[in-house]
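Under the numbering used here, the first residue of the sequence shown carries the number 465, and numbering increases by one thereafter.
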Amino acid sequence: PTVLLPRINNGTPRAVLCQGLTVDANFTTLWPQKGNALPPLAMIAIMHSPWATAWMETCCTVMGAGALKVEAAHIRHLPLPQEAVRNAQALAAVGEAICNLGEGHKEHQQAAMRLLGMANAWGPLTALARSHMQQRGKTQ
């Protein structure tokens, strides 16, 4: 795998670059299948964006104690805008910055949203994700 994220999440699901790690069934993994697949670092940027966070909060399974279960089947259905393909290299640069800092910061999330063609949706998507996290008892 090139990107992984925990299957069971207490807070916001966060993807990490998989470099020399042994991965077990407690993680959902992303594997590039074709030569035209997005670079792993671009996927990191996308997965840290409010777009992906809001999507996971609304589409993934809430478990006991408010944990969010993110399955591979959920991630396979994450819709990607065409801008993700057109801006793959720029998204990869944002993903690299996220990896170097260890966590997505607001400016990186905003940059990812601009590159995904969703600059105006940053606020509403962040609010939607926050609302769903509050409903499952997890605030951020």
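The beta-carbon is built from N, C-alpha and C at its ideal position, and this holds for glycine as well.
{"Item": "Quick check: the segment 555-574 against the segment 491-501, are there 3 or more CB pairs under 8 Å?", "Value": "no"}
{"Item": "For Leu532, which option in Ala593, Thr466, Pro477 and Pro504 has the closest C-alpha, if you only look at C-alpha atoms?", "Value": "Pro477"}
{"Item": "Going by beta-carbon coordinates alone, are Ala506 and Ala536 separated by less than 7 Å?", "Value": "no"}
{"Item": "Can you tell me which of the three DSSP states Val558 falls into?", "Value": "helix"}
{"Item": "Please report how far the alpha carbon of Leu592 lies from the alpha carbon of Gln483, in whole angstroms.", "Value": "32 Å"}
{"Item": "DSSP beta-bridge partners for Thr525?", "Value": "Lys533"}
{"Item": "Given a cut-off of 7 Å on the beta-carbon distance, is the pair Gly530 and Arg471 in contact?", "Value": "no"}
{"Item": "How long is the line joining the alpha carbons of Ala557 and Pro504, rounded to whole angstroms?", "Value": "11 Å"}
{"Item": "Give every residue of the same chain whose Cβ lies closer than 6 Å to the Cβ of Ala576, excluding the five residues on either side of it in the sequence, and list them in chain order.", "Value": "Ala509, Ser513 and Val558"}
{"Item": "Would you kindly work out how many angstroms separate the C-alpha atoms of Leu468 and Leu589, rounded to a whole number?", "Value": "23 Å"}
{"Item": "Measuring CA to CA, which of Leu580, Thr522 and Met527 is closest to Gln546?", "Value": "Leu580"}
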